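So the sequences go chain by chain: G and Y.
Per my numbering: the first sequence = residues 9 to 121.
Per my numbering: the second sequence = residues 26 to 140.
Presented below is the structure to which this report refers.
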Amino acid sequence: ETGVTQSPTHLIKTRGQQVTLRCSSQSGHNTVSWYQQALGQGPQFIFQYYREEENGRGNFPPRFSGLQFPNYSSELNVNALELDDSALYLCASSFPQGAGGYTFGSGTRLTVV
Amino acid sequence: AQKVTQAQTEISVVEKEDVTLDCVYETRDTTYYLFWYKQPPSGELVFLIRRNSFDEQNEISGRYSWNFQKSTSSFNFTITASQVVDSAVYFCALSGVNRDDKIIFGKGTRLHILP
Numbered sequence: 009e010t011g012v013t014q015s016p017t018h019l020i021k022t023r024g025q026q027v028t029l030r031c032s033s034q035s036g037h038n039t040v041s042w043y044q045q046a047l048g049q050g051p052q053f054i055f056q057y058y059r060e061e062e063n064g065r066g067n068f069p070p071r072f073s074g075l076q077f078p079n080y081s082s083e084l085n086v087n088a089l090e091l092d093d094s095a096l097y098l099c100a101s102s103f104p105q106g107a108g109g110y111t112f113g114s115g116t117r118l119t120v121v
Numbered sequence: 026a027q028k029v030t031q032a033q034t035e036i037s038v039v040e041k042e043d044v045t046l047d048c049v050y051e052t053r054d055t056t057y058y059l060f061w062y063k064q065p066p067s068g069e070l071v072f073l074i075r076r077n078s079f080d081e082q083n084e085i086s087g088r089y090s091w092n093f094q095k096s097t098s099s100f101n102f103t104i105t106a107s108q109v110v111d112s113a114v115y116f117c118a119l120s121g122v123n124r125d126d127k128i129i130f131g132k133g134t135r136l137h138i139l140p
């Protein structure tokens, strides 16, 4: 049984650019959530996808968007990057019956310069 | 509103000492989940425990133990006979029980186990 895999592991982008982060969910998990973890902080919920639709969103602007594919993998897109978007982006997959069993990936470290 | 507070930002103890990480939470939900996660330097969040709000029994897993006190809204984590490999950032977290409920994390406690 594979866990959650995220790509790339590290990324450097310039302010104003756009970025796409990818996540493959754990086998059998059809719900994917994305979290942003700034340095020295706990992870903050960005949004969740279930059956290819957004199913809850945290306090993030619309330039943070996502997709979920039929195989339950997911993408996080961030447009018009700002310096404060520099963070570790974590993907978590789970079954849909509540917060019972989230499995987190190792994250993508995004640096905006 | 839901909130998790981990008042200890950083703790250092010498190997083999016991250490307790504090967690206090706020929620208006009557049913909820509480979690502890470990984040080693590699970055991934490693699940340690999930506790349902209905279950106030303390739990022990090897050197790890958890003390859930609903009356004080606390869910503390104790490592007995600490080891260097326990060095990491530990997060306490809270969630509702519905499908679309998000996990609310505390700011974490960085634990240094000194050899």
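A virtual CB, placed ideally from N, CA and C, is assigned to each residue, including glycine.
For clarity, every value in this text was computed on a predicted model and none was experimentally measured.
Asked, Found
"Return the chain-ordered ranges of every beta strand (DSSP E) run that is complete within the stretch 20-92 of chain G and spans a minimum of 3 residues.", "27-32, 39-45, 52-58, 61-65, 72-76, 82-86"
"Tell me whether the beta-carbon of Asp-47(Y) lies closer than 8 Å to the beta-carbon of Ala-26(Y).", "no"
"Express the C-alpha separation of Leu-119(Y) and Thr-30(Y) in angstroms, rounding to a whole number.", "10 Å"
"Any idea what DSSP makes of Lys-28(Y), helix, strand or coil?", "strand"
"Could you pull the start and end residues of the beta strand (DSSP E) that Thr-56(Y) belongs to?", "Per DSSP, Thr-56(Y) belongs to no beta strand (DSSP E) and is neither H nor E."
"Which term fits Lys-127(Y), buried or exposed, when burial requires 16 or more other beta carbons within 10 angstroms of its beta carbon?", "buried"
"Kindly list the residues whose CB is nearer than 6 Å to the CB of Phe-102(Y), restricted to its own chain and excluding five residues on each side of it in sequence; keep chain order.", "Leu-46, Trp-61, Trp-91"
"Measure the CB-CB distance between Ser-33(G) and Tyr-80(G) and report whether it falls below 8 Å.", "yes"
"Taking all protein chains shown into account, decide if Gln-14(G) is buried (16 or more other Cβ within 10 angstroms of its Cβ) or exposed.", "buried"
"Going along chain G, which residues have a C-beta under 7 Å from Phe-102(Y)?", "Those do not exist, as Phe-102(Y) stays about 15 Å from chain G at its closest Cβ, beyond 7 Å."
"Is there a C-beta anywhere in chain Y that falls below 8 Å from the one on Ser-101(G)?", "no"
"Count the other CB atoms within 10 Å of the CB of Phe-130(Y); is the residue buried (16 or more) or exposed (fewer)?", "buried"
"Could you tell me the distance, in whole angstroms, from the CA atom of Asn-87(G) to the CA atom of Thr-105(Y)?", "46 Å"
"In terms of alpha-carbon separation, which member of Glu-90(G), Leu-84(G), Asp-92(G) lies closest to Trp-4(G)?", "Outside the shown range of chain G (9 to 121) lies residue 4(G), about which nothing can therefore be said."
"Which residues in chain Y sit within 9 Å of Phe-53(G), going by Cβ to Cβ distance?", "Lys-127, Ile-128, Ile-129, Phe-130"
"Quick check on Gly-36(G) - is its C-beta less than 8 Å from some C-beta in chain Y?", "no"
"Taking the straight line between their C-alpha atoms, what separation do you get for Leu-29(G) and Arg-135(Y)?", "27 Å"
"Would Glu-40(Y) and Ile-138(Y) be called neighbours here (beta carbons separated by less than 8 Å)?", "yes"
"Just checking: is the beta-carbon of Leu-70(Y) within a distance shorter than 8 Å of some beta-carbon in chain G?", "yes"
"Hey, quick one: how far does the beta strand (DSSP E) through Gln-14(G) stretch, first residue to last?", "13-15"
"For the beta strand (DSSP E) holding Arg-76(Y), just list the boundary residues, first then last.", "71-77"
"Does Gln-44(G) get closer than 8 Å to chain Y when you measure Cβ to Cβ?", "no"
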